[in-house]
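Residues -21 to -1, 1 to 148 in mature numbering (1 follows the signal peptide of the UniProt record, and there is no 0) are what the sequence shown spells out, letter by letter. Quick reminder that beta carbons are idealized off the backbone N, C-alpha and C, glycines included. Model, not experiment: these values are computed from the prediction.
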Amino acid sequence: MKKVITFLAFASWAISSVVLADCDESIAESIPSSRFVINGSEAYDRQTKLTWSRCSVGTTWVNDAGCIGEVQLLGLDAAKQFAQTLGGGWRVPTIQELDSIVEQRCFNPAINSEVFPRVVNSEEGSPYWSDTRIEEMPLLIYFIDFFDGTVDGHTKGFPLAVRLVRSGA
C-alpha cells in the first residue's frame, strides 16, 4: 500500500503542469534576483525601470504561497482588455520588454523562477504574448516561449499566457 501511495504522489507531481527551472550553474545569471525590488505581487526591474506582475494572468499572489490558481490563456485582444480593466497602467509588454526577463542559462522555464514563480508548461510550451507585430508578417504578433526562451509569432486570436507590465515603479 505504501508503494502505491508513493507512486501516486510521484505520478501526480510528474504530470503537474507546474515546472521547476533547469539551469546551467556554470553560466552566470542573465536576470539575477538582485536586479528586482520585490513588493508582494510586483517586481520592479531596476535595469529597465519596469514593474512586472509576478504572476501570470489568471493566478493571484498569496504571501508565503506564491502564485495560486490556474493560468488563463487569452487571445491578444482579450489580454489587452483585461489589462485595461485592471487599470493602474498595466499592459501587455512589447517583445523587447518581455525578452528582458528571459533567463539565458535556464529552460523549463527560461525565466527567474524566484522572481516569477509558477510558469506553466502546457503541451505547447510556455508561450506568453507580447504586443509587438511582426513587421514582415503584420497578421502575426510576437510571443516568447518561456519553456526555452525562443521567440515566435502567432495570430492575435490564439490563446496564450500573459504577464502584465507597467512603466515605472
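Residue-chain proximity (residue i, chain D), Cβ-Cβ < 8 Å
i, result
"T39", "Among the protein chains of the structure shown there is no chain D, as only one such chain exists."
Through-space distance from residue j to residue i, alpha-carbon basis
i, j, result
"V5", "T64", "A quick correction: the sequence has Ser, not Val, at residue 5. Taking the straight line joining both Cα atoms gives about 43 Å."
"N42", "I113", "38 Å"
"S35", "S105", "11 Å"
"P88", "Q26", "21 Å"
"T38", "F122", "20 Å"
"S(-5)", "S101", "With a pLDDT of 38 at S(-5), under the threshold of 50, the modelled position of that residue is not reliable, and the figure given next carries that caveat. The straight-line gap from Cα to Cα measures roughly 6 Å."
"Q60", "S92", "27 Å"
"K135", "L119", "7 Å"
"L52", "F125", "14 Å"
"C2", "H133", "28 Å"
"R70", "A7", "30 Å"
"E21", "A57", "22 Å"
"V94", "K28", "15 Å"
"I90", "D127", "9 Å"
Segment limits, beta strand (DSSP E) that includes residue i
i, result
"T38", "38 to 41"
"D127", "Premise fails: D127 is in no beta strand (DSSP E) and is neither H nor E."
"E21", "21 to 24"
"N18", "15 to 18"
"S35", "Note, S35: premise wrong, no beta strand (DSSP E); not H, not E."
Assigned secondary structure, residue i (DSSP; H/G/I helix, E/B strand, else coil)
i, result
"L52", "coil"
"L143", "coil"
"D1", "strand"
"T64", "helix"
"R70", "strand"
"S9", "coil"
"P138", "coil"
Residues that DSSP places opposite residue i in a beta bridge
i, result
"P106", "D124"
"R112", "I120"
"F86", "D1"
"V81", "I90"
Opening and closing residue of the alpha helix (DSSP H) in which residue i lies
i, result
"I74", "74 to 78"
Whole-angstrom C-beta distance between residue j and residue i, which should lie under 8 Å
i, j, result
"Q144", "Y107", "It is Val, not Gln, that sits at residue 144 in the sequence shown. That pair is no contact at about 11 Å."
"P72", "D24", "Not a contact, Cβ separation roughly 11 Å."
"I10", "E76", "No, I10 and E76 are not in contact; Cβ-Cβ is about 13 Å, not under 8 Å."
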